[in-house]
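Please read the structure below before turning to the comments.
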Amino acid sequence: MRSSARIFSRFRFSTSFPCRYGAGAWLGKRGLCVETKLTSINQEIVQFGKEKKLDAAFALYDDLHNTTIQPSSQTVALLLEACARSGETDRAFDFFFRAQQDGVQPNIHIYNALMKNCAVTGKLERGNLLLQQMSEAGINPNQKTFHRMMQMSIQANKLDAAEQLMSSMGKFGYKPSVVTYNILIKGQVIHGDIKSAIKVYVNMQRQGVLPNADTFSLLIEYSSSNQGFKFLGEMKRFGVKPSLKIYNSFLAACGREGNADRAYQVYEIMNENKVTPDRTTLNTLMAATIKTKEYDQTYRFIEKMSELNIQPNLTTYNIMLARLCKLRQLDSIIELLSEMIHAEILPNVTSFNTVLTLCIDTKDKVTAQKIVEQMKQLNIEPNDTTHKYLKELEGDDEKETLEPKQRSKQKNEDSGMPGWKKIIEAQEKQEEEARRELIFLNCHKLYLIDDTKIIARKDDAPPLPEDEEEQKNLYNQYFELICLFADEGQVAKSFQLVSIMKDIGLEITADVYNQLIVGLGNVGKLDSIEQVVHVMNEEGLSIEIETYNAIIAAYGICAEFDQAIQVLDVIEEDRLQPNAETFVILLRACITSDSKEYGLETTRHVLNKLENSEIEYSDELSNLLVGAYERIKDYPKAQSAYRAVKMSGQLNEDGMGAMLSVAAATKDKNLPRELFEDTKTLPEGETKDAMLALIEDTWNLK
Numbered sequence: 038m039r040s041s042a043r044i045f046s047r048f049r050f051s052t053s054f055p056c057r058y059g060a061g062a063w064l065g066k067r068g069l070c071v072e073t074k075l076t077s078i079n080q081e082i083v084q085f086g087k088e089k090k091l092d093a094a095f096a097l098y099d100d101l102h103n104t105t106i107q108p109s110s111q112t113v114a115l116l117l118e119a120c121a122r123s124g125e126t127d128r129a130f131d132f133f134f135r136a137q138q139d140g141v142q143p144n145i146h147i148y149n150a151l152m153k154n155c156a157v158t159g160k161l162e163r164g165n166l167l168l169q170q171m172s173e174a175g176i177n178p179n180q181k182t183f184h185r186m187m188q189m190s191i192q193a194n195k196l197d198a199a200e201q202l203m204s205s206m207g208k209f210g211y212k213p214s215v216v217t218y219n220i221l222i223k224g225q226v227i228h229g230d231i232k233s234a235i236k237v238y239v240n241m242q243r244q245g246v247l248p249n250a251d252t253f254s255l256l257i258e259y260s261s262s263n264q265g266f267k268f269l270g271e272m273k274r275f276g277v278k279p280s281l282k283i284y285n286s287f288l289a290a291c292g293r294e295g296n297a298d299r300a301y302q303v304y305e306i307m308n309e310n311k312v313t314p315d316r317t318t319l320n321t322l323m324a325a326t327i328k329t330k331e332y333d334q335t336y337r338f339i340e341k342m343s344e345l346n347i348q349p350n351l352t353t354y355n356i357m358l359a360r361l362c363k364l365r366q367l368d369s370i371i372e373l374l375s376e377m378i379h380a381e382i383l384p385n386v387t388s389f390n391t392v393l394t395l396c397i398d399t400k401d402k403v404t405a406q407k408i409v410e411q412m413k414q415l416n417i418e419p420n421d422t423t424h425k426y427l428k429e430l431e432g433d434d435e436k437e438t439l440e441p442k443q444r445s446k447q448k449n450e451d452s453g454m455p456g457w458k459k460i461i462e463a464q465e466k467q468e469e470e471a472r473r474e475l476i477f478l479n480c481h482k483l484y485l486i487d488d489t490k491i492i493a494r495k496d497d498a499p500p501l502p503e504d505e506e507e508q509k510n511l512y513n514q515y516f517e518l519i520c521l522f523a524d525e526g527q528v529a530k531s532f533q534l535v536s537i538m539k540d541i542g543l544e545i546t547a548d549v550y551n552q553l554i555v556g557l558g559n560v561g562k563l564d565s566i567e568q569v570v571h572v573m574n575e576e577g578l579s580i581e582i583e584t585y586n587a588i589i590a591a592y593g594i595c596a597e598f599d600q601a602i603q604v605l606d607v608i609e610e611d612r613l614q615p616n617a618e619t620f621v622i623l624l625r626a627c628i629t630s631d632s633k634e635y636g637l638e639t640t641r642h643v644l645n646k647l648e649n650s651e652i653e654y655s656d657e658l659s660n661l662l663v664g665a666y667e668r669i670k671d672y673p674k675a676q677s678a679y680r681a682v683k684m685s686g687q688l689n690e691d692g693m694g695a696m697l698s699v700a701a702a703t704k705d706k707n708l709p710r711e712l713f714e715d716t717k718t719l720p721e722g723e724t725k726d727a728m729l730a731l732i733e734d735t736w737n738l739k
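Just so we're aligned, residue 38 is where the sequence shown starts under the numbering used here, counting upward by one.
In structure tokens, the structure reads:
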């Protein structure tokens with residue numbers, strides 16, 4: 038078995054590659070010193086910033102003056118970031134000048150933090166002045182600078198300026214990344230220009246930049262249901278797995294249009310992909326059935342909500358009220374309103390307006406008057422819709438009865454509803470329950486009540502099932518949720534779930550720890566990786582190639598290429614064989630890197646390792662090779678790699694997109710025609726049509 042000490046000892050003293058944290062610092066074994074004290078203060082500042090406790094954060098900075106510790110540029114940048122979270126732009130600039138008086142020289146990170154303040158508040162003029170100051174100080178902008186300037190321009194309704202900023206990135210050695218394109222796409226869709234957003238989506242592929250889940254989420258959220266359905270197909274082609282959020286965005290579009298058939302179709306796709314619907318999903322589907330008058334389908338989704346143990350909310354009840362009103366079932370409506378009160382869910386003005394629509398249809402003035410009295414009892418103010426409905430029943434006199442005035446807060450015995458005080462207490466109790474950090478395990482399914490925090494408590498989990506198949510199913514559910522949180526950078530939740538698994542006696546496999554390692558990379562906590570490997574050794578788990586791949590992925594996420602390469606060297610020293618996934622992770626990190634120097638240097642190094650290896654290439658790796666050679670401008674090898682994967686019949690958008698960049702760079706007259714004919718062989722779809730159109734427009738081909 039390979040010990041964690043042996044694996045990581047080689048990282049501490051290697052001088053072959055530069056280390057961002059200094060020799061050995063990333064493992065942290067330095068004892069309590071000035072650096073660790075300042076690191077602790079910085080971490081507290083970050084936490085106070087998240088909690089929007091600016092005064093507490095600045096108090097930590099003030100306390101430094103009573104010590105021998107000199108505040109660092111990182112400390113200043115973190116405080117400026119905290120100001121941005123609270124929208125305190127003026128305070129940020131005041132502190133910026135104070136920090137300079139304290140001897141802290143502005144660097145790119147400080148300027149970027151100030152840029153974030155300007156982006157949050159839309160202060161484009163201030164952002165331009167900062168850019169000018171940076172230039173005068175000899176500080177070149179980095180990719181984050183451009184991103185924040187683009188966000189400022191979009192907030193100021195200057196999309197042209199945002200596009201110009203993206204175009205100027207090349208002057209400073211940066212290529213627009215998927216994040217860059219997503220910022221531009223977001224600007225266009227929120228301004229209602231979905232057509233321009235789609236053009237950006239097509240152009241980014243031409244530049245060899247692949248869309249990610251955020252790209253599709255933006256496009257689907259603002260598209261028609263038909264267009265959104267096409268984007269769902271595109272996601273499959275690009276290997277991007279739709280999240281529940283994306284499915285819900287699409288269903289919302291179907292709901293706006295009343296396109297229930299399309300909504301049902303996507304719901305079936307969710308089931309096929311084993312994506313569990315949440316309350317938003319089912320509420321949206323139920324609302325669509327009301328628009329299309331498919332009331333039996335409404336009940337189908339109500340039953341599904343019950344099956345999944347999802348508690349209905351106010352929106353759910355309002356949809357059910359709408360269904361009963363359409364069916365003219367007044368007795369059931371009264372029962373449902375009573376159920377809402379029993380469930381401690383306070384009806385709102387929409388609830389009562391919905392019932393008033395039935396009163397209008399049936400000309401039931403008596404029930405309408407009872408609704409008015411109940412609204413008074415619950416201190417619910419009528420809105421314009423309420424007045425409109427009452428006018429239809431009684432005329433203008435009815436409106437006078439609902440003018441705002443002191444409402445009775447006593448319990449109305451005849452109505453059967455609790456008094457206002459009881460309702461308030463019920464609401465407070467409901468809100469308190471929502472804040473509690475609980476995990477429920479019911480029918481071997483995990484339900485997260487509060488998606489901001491969870492707490493690992495053994496009492497919340499059922500005993501371990503005796504049946505091995507049930508144990509396996511339970512393990513898979515935990516593992517899926519751990520993967521989800523790790524991918525989203527919520528690594529603390531992943532660790533808490535592992536704690537629950539241990540409490541109830543589930544065996545923890547290496548796959549779980551590998552996901553935790555990737556999650557640490559997502560949040561930049563690279564110094565904690567050794568602890569995970571140490572635990573694996575303590576639990577008797579062998580460190581195999583999959584764990585090394587996870588470590589490489591974590592370093593790749595953080596653009597720590599020197600550390601990633603060292604892991605590759607350790608693999609070889611331990612006589613393990615890197616596999617195709619090892620090089621896929623490395624090359625994808627290199628290709629998407631914002632760092633021109635590191636990206637090119639590391640890409641060459643990885644390609645050299647790959648060329649001297651004997652591994653069997655996967656389809657993904659074969660296509661990535663085209664982009665890797667294009668990245669280092671080795672166009673002949675890029676063309677060879679392209680033709681090899683084409684001959685294998687496994688060409689995908691990775692390879693095709695990179696080859697379009699090669700064609701533009703080499704100005705080879707024959708290559709565009711070859712690409713044009715190759716594109717025709719791709720599966721039918723919008724991506725194929727868009728790529729054909731791009732090639733036609735760029736090289737005037739038909």
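Glycine residues also receive a C-beta, built at the ideal position from the N, C-alpha and C atoms. Predicted model only: the values in this text are computed from it and were never measured.
Rank the options by C-alpha distance to the C-alpha of residue i and give the top, closest one.
i	options	result
Phe516	Phe134, Lys530, Glu372	Lys530
Ser388	Asn645, Asn346, Leu415, Glu610	Leu415
Thr394	His424, Glu372, Ile382	His424
Thr76	Asp564, Val699, Gly270	Asp564
Asp705	Lys725, Gln676, Ala727	Gln676
Asn551	Lys683, Ile588, Leu534	Ile588
Lys330	Ile356, Leu116, Gln348, Thr318	Ile356
Ile582	Phe598, Gln348, Asp726, Ile608	Ile608
Leu511	Ala523, Phe532, Leu521, Gly542	Gly542
Asp715	Asn737, Ala702, Gly692, Thr703	Gly692
Leu661	Thr639, Leu688, His642	Leu688
Asn586	Ile554, Leu367, Glu505	Ile554
Arg128	Asn154, Asp606, Ala601	Asn154
Val699	Gly664, Thr105, Ser286	Gly664
How many Å lie between residue i and residue j at the Cα?
i	j	result
Gln192	Gly159	6 Å
Cys627	Glu690	18 Å
Ile566	Val237	38 Å
Arg293	Asn350	20 Å
Ile732	Leu712	8 Å
Gln107	Asn385	55 Å
Phe133	Asn179	20 Å
Lys208	Leu247	22 Å
Arg472	Pro314	Annotation note: pLDDT 34 at Arg472 (below 50); position unreliable, coordinate value reported separately. Using only the alpha carbons, I get a separation of about 22 Å.
Glu544	Met538	7 Å
Thr391	Arg337	21 Å
His184	Leu708	34 Å
Val549	Pro419	53 Å
Ile145	Gly164	14 Å
Gln216	Glu721	The sequence given here has Val at residue 216, not Gln. Approximately 27 Å, taken between the alpha carbons.
Ser190	Glu118	19 Å
Asp726	Ala590	34 Å
Glu372	Thr546	50 Å
Ile235	Ala695	20 Å
Thr735	Val239	13 Å
Lys195	Ile222	13 Å
Pro143	Val83	19 Å
Asn737	Arg710	10 Å
Ala250	Thr399	49 Å
Ile774	Thr353	Nothing in the structure corresponds to residue 774, since the chain is present only between 38 and 739.
Any heavy atom of the ligand FMN closer than 7 Å to the Cβ of residue i?
i	result
Ala93	Only the bare structure without any ligand can be found here, which leaves the ligand FMN out of the picture.
- prompt: With contact counted as at least three CB pairs below 8 Å, one residue from each stretch, are the region 310 to 321 and the region 278 to 285 in contact?
  reply: Judged by Cβ distances under 8 Å, the region 310 to 321 makes contact with the region 278 to 285, as three or more pairs qualify.
message: Whether or not the region 563 to 581 and the region 617 to 626 are in contact is what I'm after, with contact meaning three or more pairs of Cβ atoms, one per stretch, closer than 8 Å; do they touch?
response: No: the two stretches stay apart, fewer than three of their Cβ pairs being nearer than 8 Å.
- prompt: In the region 538 to 614, which residue ranges form an unbroken alpha helix (DSSP H) of at least 4 residues, counting only runs that do not cross its ends?
  reply: When DSSP assignments are scanned along the region 538 to 614, the uninterrupted stretches of alpha helix (DSSP H) that are 4 or more residues long and fall wholly within it turn out to be 547 to 559, 566 to 575, 582 to 594, 598 to 610.
Residue ranges of each beta strand (DSSP E) within the region 172 to 202, 3 or longer: Listed in chain order, there is nothing to give.
query: Touch check for the region 645 to 664 and the region 220 to 229: three-plus C-beta pairs under 8 Å?
result: Note that the region 645 to 664 does not touch the region 220 to 229; fewer than 3 beta-carbon pairs, one per stretch, sit closer than 8 Å.
message: Runs of 4 residues minimum, wholly inside the region 310 to 340: which ones carry the alpha helix (DSSP H) assignment?
response: Entirely contained in the region 310 to 340, the alpha helix (DSSP H) runs reaching 4 residues are, in chain order, 316 to 328.
field: Whole alpha helix (DSSP H) elements within the region 214 to 295, 4-residue minimum
entry: 215 to 227, 231 to 243, 250 to 259, 262 to 274, 281 to 294, all fully within the region 214 to 295.
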